[in-house]
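Report on the following structure.
Protein chains: 2
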Amino acid sequence: MTSKFSQDLDQNPGNHQPLTPLGLLDRAADVYPDRIAVIHGERRHTWAEYAQRCRRLARALIGAGIRRGDTVAILAANIPEMLEAQFGVPLSGAVINSINIRLDAPAIAFILQHSETRLLLVDQQFADVARQAVKLSGLQLDVVDIRAADVPDAEPVGVIEYESFLAQAPTDVALRYPEDEWDAIALNYTSGTTGNPKGVVYHHRGAYLNALGTTLYARLNAGTPVYLWTLPLFHCNGWCYAWALAAVGGTSVCLRKVVPDEIYAAIRQYGVTHFCGAPAVLSALVMGKPKDWVRPETPIWVACAGASPPVTVIAQTEALGFEVLHVYGMTEAHGVNTTCVVQDAWAAMGDDERLRRMGRQGVRTAVAGDMIVADPSTLQPVARDGKTIGEVLFRGNLGMKGYLKNAEATREVFHGGWMHSGDLAVMHEDGYIEIKDRSKDIIISGGENVSSIEVEEVLFTHPAVFQAAVVAVPDEKWGEVPCAVLELHPPYVGTLTADDIIQFCRARLPGFKTPKHVIFEPIVRTATGKLQKFKLRDHVAEIIAKREH
Amino acid sequence: MTSKFSQDLDQNPGNHQPLTPLGLLDRAADVYPDRIAVIHGERRHTWAEYAQRCRRLARALIGAGIRRGDTVAILAANIPEMLEAQFGVPLSGAVINSINIRLDAPAIAFILQHSETRLLLVDQQFADVARQAVKLSGLQLDVVDIRAADVPDAEPVGVIEYESFLAQAPTDVALRYPEDEWDAIALNYTSGTTGNPKGVVYHHRGAYLNALGTTLYARLNAGTPVYLWTLPLFHCNGWCYAWALAAVGGTSVCLRKVVPDEIYAAIRQYGVTHFCGAPAVLSALVMGKPKDWVRPETPIWVACAGASPPVTVIAQTEALGFEVLHVYGMTEAHGVNTTCVVQDAWAAMGDDERLRRMGRQGVRTAVAGDMIVADPSTLQPVARDGKTIGEVLFRGNLGMKGYLKNAEATREVFHGGWMHSGDLAVMHEDGYIEIKDRSKDIIISGGENVSSIEVEEVLFTHPAVFQAAVVAVPDEKWGEVPCAVLELHPPYVGTLTADDIIQFCRARLPGFKTPKHVIFEPIVRTATGKLQKFKLRDHVAEIIAKREH
Chain A
405 MTSKFSQDLD QNPGNHQPLT PLGLLDRAAD VYPDRIAVIH GERRHTWAEY AQRCRRLARA
465 LIGAGIRRGD TVAILAANIP EMLEAQFGVP LSGAVINSIN IRLDAPAIAF ILQHSETRLL
525 LVDQQFADVA RQAVKLSGLQ LDVVDIRAAD VPDAEPVGVI EYESFLAQAP TDVALRYPED
585 EWDAIALNYT SGTTGNPKGV VYHHRGAYLN ALGTTLYARL NAGTPVYLWT LPLFHCNGWC
645 YAWALAAVGG TSVCLRKVVP DEIYAAIRQY GVTHFCGAPA VLSALVMGKP KDWVRPETPI
705 WVACAGASPP VTVIAQTEAL GFEVLHVYGM TEAHGVNTTC VVQDAWAAMG DDERLRRMGR
765 QGVRTAVAGD MIVADPSTLQ PVARDGKTIG EVLFRGNLGM KGYLKNAEAT REVFHGGWMH
825 SGDLAVMHED GYIEIKDRSK DIIISGGENV SSIEVEEVLF THPAVFQAAV VAVPDEKWGE
885 VPCAVLELHP PYVGTLTADD IIQFCRARLP GFKTPKHVIF EPIVRTATGK LQKFKLRDHV
945 AEIIAKREH
Chain B
405 MTSKFSQDLD QNPGNHQPLT PLGLLDRAAD VYPDRIAVIH GERRHTWAEY AQRCRRLARA
465 LIGAGIRRGD TVAILAANIP EMLEAQFGVP LSGAVINSIN IRLDAPAIAF ILQHSETRLL
525 LVDQQFADVA RQAVKLSGLQ LDVVDIRAAD VPDAEPVGVI EYESFLAQAP TDVALRYPED
585 EWDAIALNYT SGTTGNPKGV VYHHRGAYLN ALGTTLYARL NAGTPVYLWT LPLFHCNGWC
645 YAWALAAVGG TSVCLRKVVP DEIYAAIRQY GVTHFCGAPA VLSALVMGKP KDWVRPETPI
705 WVACAGASPP VTVIAQTEAL GFEVLHVYGM TEAHGVNTTC VVQDAWAAMG DDERLRRMGR
765 QGVRTAVAGD MIVADPSTLQ PVARDGKTIG EVLFRGNLGM KGYLKNAEAT REVFHGGWMH
825 SGDLAVMHED GYIEIKDRSK DIIISGGENV SSIEVEEVLF THPAVFQAAV VAVPDEKWGE
885 VPCAVLELHP PYVGTLTADD IIQFCRARLP GFKTPKHVIF EPIVRTATGK LQKFKLRDHV
945 AEIIAKREH
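Chains A and B supply the protein sequences, listed in that same order. Under the numbering used here, read the first sequence as residues 405 to 953, first letter to last. Under the numbering used here, read the second sequence as residues 405 to 953, first letter to last.
This is the structure in structure tokens:
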């Protein structure tokens, strides 16, 4: 840039302010003061009230000695206080650490220690595990108990209850907006699919941009959205939806238990327009459809992620009056980074092809920057042929700051100037990506890559198969071969042999992709619902070794 | 921020890239390659083609010796090449200077000189004025002529035609994305309402954020928007809509002549969903309604700015099937900064009250940061009483870098850490602002502030009044008094006296706001349609002085 366009044209407070989602709360309270921001059972908060409660929480935290850059953790279901913490904790200058409610006490204790949590907010539903975790952590923690009318009373973990804590907030302290948009706003621990939990650090800039991007792809700006909290707020801060809803003055409907009855009840009672969930949530909705369900005139928008929704699940969900959008992202990148944008031309392709295309991970969002599928070492993009496998890499403003206190893992994930997703995918001719495997879960058999996901997809088309996981086992001849671990639907248990399954696959897959071993047993998942294939691999290898000797 | 959330958590290319609207073009070309991006008469470009033409323009400019930070100007109507320049010029590393086509040769020459323009793109409709301006400027300029099928041939100004220029673009040069989001992207000269033209410098960060903000408030993300270019692209780069449309893969319908017949024809032919314009455009649409106009099922969205749309104009426009949103902003802040968000509760208030509220300037957009109405010296916000007048001040990321080569004016407009709009407004109880005057146009009579706009609004309710302008004239007793300059509708000319008008106002306004003088004569506006009240004041003062002596 030559001098004339930079001379005497500096940044100043009038033309440059830190990007942050926190300002969206102030705007929502100003523009939509009387609109309902939060619904939980009989409870209602307008945006003015919600903002006031968030600010009170921030001031209470400051009053309790929380300083800029401290960690404040919360262990809670999707209740109003969890929504308040998404703004209230950062407004105190602290970093919000939303802990997975499905973890056990030792895992929570590890997170409290590693994050150096100064204060913990506990939903009384999780009082017991929180008490154990705090004890195990050995930390001198301040604990604030959140009492709720919809769960049984529990013995308090700390010495003060949430409402009393808010009530004692000083009124004369200033809220702490970020000094720089690169300041941390949130901390999210990911178990990943391998190794120890890592603390993913979010920045205000990324959180703000993803909030804006979310309003765009989810069309939250059409009318007043009513968003149902099926997606846990401890996953990527609810994919940034709490912040996105502030940008449009939308309504949050809290949900303690993500079960079909409660979801359908909320949809009917509050006119839900949007929600998010894993394919399992969609399947549950299909199975749990009320007898008197009437397909809504305007489809209810639902974003689906975590795994590719099977074609039949999309079709059945659509038939109920839901509009499904498949999205993909990762904890390390503020949540959603791609959406499977539905092209007009797909409508003419027939349902099979249309639904198959809708199951892909898709294209980058307007705020996600660049995305390539590439060789992770050379960074050379793969051909757009729907066949060549590479790693999904991102470069833009949604990448996390890095892993807390883990410079090595941070360097590794960003090596070569791209954020490495660890997911292997192909790029189709139309520029849409389709995930084929986790990079560490690919099976290399006779020098050929075998996508465990591709084999699982074939297994899922067998009517007897309820759950399926495919992993590599060592093989003298081929190096590795695929092994299928299967849980059958109850009526089928004991009616099928390993050979039946192998025959079934052989008819549908090339030989090198066909499982050589089949094991019938329950599939164990982590608290976040993830399959840890590195563990399953070891387990399966032992079984096979025993069988063969 | 304590160390743990900043240590080893630095920015790197994987998590931090300059914000810029230029990446939105790449994404649109990837995601919507076959959608129509540009329509002009028989001409069509898909997003893939549009992107390719923009890139070719950028490479042609680089091939012609344009360097980072050079100025490339364009003098063109809203034709496809004007849209191409919005991306193509910045992709060459240059700053785009879109020149007002209504200016005369000396004014254009001034802009060419002041901006140090290196290359000028000229729509042949403006060949004559461009030729004169280049000559007057004394600059050795490269000129590229844009030939168009829809205007008469003109003698070329330069030595190469646009299509030949594109054809000679080198293929082996890299496009120049910004090195920093604070780099300049555009230059827009504003005549303002006082003094000399000033060069407003836009930054990539602000352009990107306003593009995202625009998709939100204009709901460009619902389906495929078809945007009609009634708003000149030389006003704030078309309020950033060319960039916003890339974020959603929308369609631009070009329009050389903004007249009702052409607007209605485009609406019918292309299914226009969105456009923008001054209240005069709305009035023209009401007057020029085709006899066989059928109110569309889905209202056509129209943003209106430049002056507050009168209640009757909003009502009539709505009745034709348009949804009107009043927006407000300024060249100095990347275009639109506030929108008059329509509240659900207004529907129950009756049309008079609802339409009156819709005519206010409203509330800040989601990307506009903070806005206050305050005493410009003390920066103390005024009461939310709808009465106390203060200046509209902004603080956020939409403020320009500043005025080119005018450090003093830049310092002045940003003094106290806020961007001073120069507009005087009140803040209503509901947080909506309403502009009352330009700060330099307020009339101070007997120590009381008189808003010239308020008096004009009363005058407009008189059936005979076609145009009205109220300015201060010196008065021995009161310091200043209001003087009304009026253009009457033809049938009324000669039927009314100054006293008739004064009586009419006295019945509707307090004495100190009632005009003491009335002059019947045509009202002169600038090329941008602005009324330069400082000139009118001098002119009126002379007339009054002559009358009184």
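C-beta: ideal position from N, C-alpha, C; glycine also.
Mind checking whether A:A489 and A:L525 have CB atoms under 8 Å apart?
Translated into the one-based positions of the first sequence, residue 489 of chain A becomes position 85. Translated into the one-based positions of the first sequence, residue 525 of chain A becomes position 121. Yes.
What do you get for B:A778, buried or exposed, if any count of 16 or more other CB atoms within 10 angstroms of its CB means buried?
On the second sequence, residue 778 of chain B is found 374 positions in, with the first residue counted as 1. If you draw a 10 Å sphere on the C-beta of B:A778, you find 16 or more other C-beta atoms in it, and that means buried.
Over what stretch of residues does the beta strand (DSSP E) that includes A:N741 continue unbroken?
Working through the first sequence from its first residue, we reach residue 741 of chain A at position 337. From DSSP, the beta strand (DSSP E) with A:N741 extends over G739 to T743.
Which first and last residues belong to the beta strand (DSSP E) in which A:T594 is found?
For the purposes of this step, residue 594 of chain A is taken as the residue at position 190 of the first sequence. Note, A:T594: beta strand (DSSP E), A588 to T594.
Decide if A:E852 is buried, meaning its Cβ has at least 16 other Cβ atoms within 10 Å, or exposed.
Sequence index remark: in the first sequence, residue 852 of chain A carries index 448 (1-based). Exposed, because fewer than 16 other Cβ atoms sit within 10 Å of the Cβ of A:E852.
According to DSSP, simplified to helix, strand and coil, what is A:L507?
On the first sequence, residue 507 of chain A is found 103 positions in, with the first residue counted as 1. A:L507 carries a coil assignment under DSSP once its states are collapsed to helix, strand and coil.
At least one CB of chain B closer than 8 Å to the CB of A:Q421: is that the case?
In the first sequence, counting from the first residue as 1, residue 421 of chain A sits at position 17. Interface residue, yes.
Tell me whether A:N625 sits in a helix, a strand or coil according to DSSP, three-state version.
Numbered from 1 along the first sequence, position 221 holds the residue referred to as residue 625 of chain A. Reduced to three states, the DSSP call for A:N625 is coil.
At 8 Å on the CB atoms, spell out the chain A contacts of B:E520, in chain order.
Position 116 of the second sequence, counted from the first residue, corresponds to residue 520 of chain B. B:E520 reaches chain A at K408, counting residues in chain order whose Cβ is nearer than 8 Å.
Exposed or buried, what is A:S781 when buried is set at 16 or more other beta-carbons lying within 10 Å of its beta-carbon?
Within the first sequence, numbered from 1, the residue matching residue 781 of chain A stands at position 377. The residue in question, A:S781, is exposed, as its Cβ has fewer than 16 Cβ neighbours within 10 Å.
Which chain B residues are close to A:T619, counting only those with a beta carbon under 7 Å from its beta carbon?
Your numbering for residue 619 of chain A matches position 215 in the first sequence. Residues of chain B passing the Cβ test: L620.
Would you list, in chain order, the members of the stretch 799 to 817 of chain B that have their beta-carbon closer than 7 Å to a beta-carbon of chain E?
Of the chains in the structure shown, none is chain E; the protein chains are A and B.
Buried or exposed by the 16-neighbour rule on C-beta atoms within 10 Å, applied to A:H893:
Position 489 of the first sequence holds residue 893 of chain A. A:H893 comes out exposed.
Nearest-angstrom Cα separation, counted from B:V435 out to B:P703:
As a working mapping, residue 703 of chain B is identified with position 299 in the second sequence. As a working mapping, residue 435 of chain B is identified with position 31 in the second sequence. Rounded to whole angstroms, B:P703 to B:V435 spans 28 Å at the Cα level.
Span separating the alpha-carbon of B:T597 from that of A:A711
As a first step, residue 597 of chain B is located in the second sequence; it is residue number 193 there, counting from the start. As a first step, residue 711 of chain A is located in the first sequence; it is residue number 307 there, counting from the start. Low local confidence applies: a pLDDT of 48 at B:T597 is under 50, so the model's placement there is unreliable, with the coordinate-based value given in what follows. The alpha-carbon atoms of B:T597 and A:A711 are separated by roughly 58 Å.
Counting contacts by CB-CB distance shorter than 8 Å, is A:D546 in contact with chain B?
For the purposes of this step, residue 546 of chain A is taken as the residue at position 142 of the first sequence. No, A:D546 does not count as interfacial toward chain B.
Going by Cα to Cα distance, which pick from A:T716, A:R672, A:A651 and A:R660 is closest to A:P683?
The residue given as residue 683 of chain A occupies position 279 in the first sequence. The option with the nearest alpha carbon to A:P683 is A:T716.
Mapping DSSP to helix, strand and coil, what is A:D631?
Here residue 631 of chain A corresponds to residue number 227 of the first sequence, with the count starting at 1. Note that residue 631 of chain A is Tyr in the sequence shown here, rather than Asp. In this structure, DSSP gives A:Y631 an extended state, which the three-state scheme calls strand.
Below 8 Å between beta carbons: does that hold for A:S367 and A:L465?
The structure shown has nothing for residue 367 of chain A, since chain A only spans 405 to 953.
So, are the CB atoms of A:L802 and A:M775 less than 8 Å apart?
Translated into positions along the first sequence, residue 802 of chain A becomes position 398. Translated into positions along the first sequence, residue 775 of chain A becomes position 371. Taking 8 Å as the Cβ cut-off, A:L802 and A:M775 do not qualify as a contacting pair.
By DSSP, does A:H832 sit in helix, in strand, or in coil?
One-based indexing of the first sequence puts residue 832 of chain A at position 428. Note: A:H832 maps to coil in three-state DSSP.
Contacts around B:M958, its chain only, beta-carbon distance under 8 Å, and the 5 residues preceding and following it disregarded
Because chain B is modelled from 405 through 953, residue 958 of chain B falls outside the range shown and cannot be assessed.
Any C-beta of chain A within less than 7 Å: which residues of the stretch 609 to 640 of chain B qualify?
Of all residues in the stretch 609 to 640 of chain B, only L616, T619, L620, R623, N625 and A626 come within less than 7 Å of chain A when Cβ atoms are compared, listed by chain position.
is_contact[B:L413, chain A] using C-beta, thresh 8 Å:
Residue 413 of chain B sits at position 9 when you count from the first residue of the second sequence. Yes - at least one Cβ of chain A is within 8 Å of the one on B:L413.
Would you call B:V928 buried or exposed, if buried means 16 or more other Cβ atoms sit within 10 Å of its Cβ?
Here residue 928 of chain B is taken as the residue at index 524 of the second sequence, counted from 1. With fewer than 16 other beta carbons inside 10 angstroms of its own, B:V928 counts as exposed.
For B:N592, decide whether its Cβ has a neighbour in chain A, counting only Cβ atoms nearer than 8 Å.
Position 188 of the second sequence, counting from 1, holds the residue named residue 592 of chain B. Chain A places no beta carbon closer than 8 Å to that of B:N592, leaving this residue out of the contacts.
Residues in the same chain with beta-carbon distance under 7 Å from B:T634, minus the five sequence neighbours each way, listed in chain order, please.
Within the second sequence, residue 634 of chain B is the residue found at index 230, counting from 1. For B:T634, where only same-chain residues beyond five positions count, the Cβ hits under 7 Å are L659, V662, I667, F679, C680, G681 and V685.
Anyone know if the C-beta pair for A:E736 and A:V728 falls short of 8 Å?
Looking up residue 736 of chain A in the first sequence gives position 332. Looking up residue 728 of chain A in the first sequence gives position 324. Not in contact: A:E736 and A:V728 (Cβ atoms no closer than 8 Å).
If distances are taken between C-alpha atoms only, which option among B:A481, B:M823 and B:V944 comes closest to B:I550?
On the second sequence, position 146 is the one that residue 550 of chain B refers to. Out of B:A481, B:M823 and B:V944, B:A481 has the C-alpha closest to the C-alpha of B:I550.
Name, going along the chain, the residues of the stretch 429 to 443 of chain B whose beta-carbon falls closer than 7 Å to a beta-carbon of chain A.
Legend: CB atoms of the stretch 429 to 443 of chain B lying less than 7 Å from CB atoms of chain A belong to residues R431, D434 and V435.
Any idea which residues DSSP pairs A:A707 with across the strands?
Taking the first sequence and counting its residues from 1, one reaches residue 707 of chain A at position 303. Bridge partners of A:A707: A:C680 and A:L729.
Beta-carbon contacts of B:V963 that lie in its chain and below 8 Å, excluding the five residues immediately before and after:
No statement about residue 963 of chain B is possible, as the shown extent of chain B runs from 405 to 953 and does not include it.
Using CA atoms only, rank isn't needed, just tell me which of A:P556, A:P926, A:W586 and A:K920 is closest to A:E952.
If you number the first sequence from 1, residue 952 of chain A lands on position 548. Selection A:P556, A:P926, A:W586 and A:K920 evaluated against A:E952 yields A:K920 as nearest (Cα-Cα).
Indicate, with yes or no, if the ligand MN has a heavy atom lying under 7 Å from the CB of A:M691.
As presented, the structure is devoid of all ligands, the ligand MN included, so that no description of it is given.
Report the three-state DSSP secondary structure of A:S843 (helix, strand or coil).
On the first sequence, residue 843 of chain A is found 439 positions in, with the first residue counted as 1. Taken through DSSP and simplified to helix, strand or coil, A:S843 comes out as helix.
Nearest CA to the CA of A:A964: which residue from B:H420, B:E585 and B:P437?
Given a span of 405 to 953 for chain A in the structure shown, any question on residue 964 of chain A remains unanswerable.
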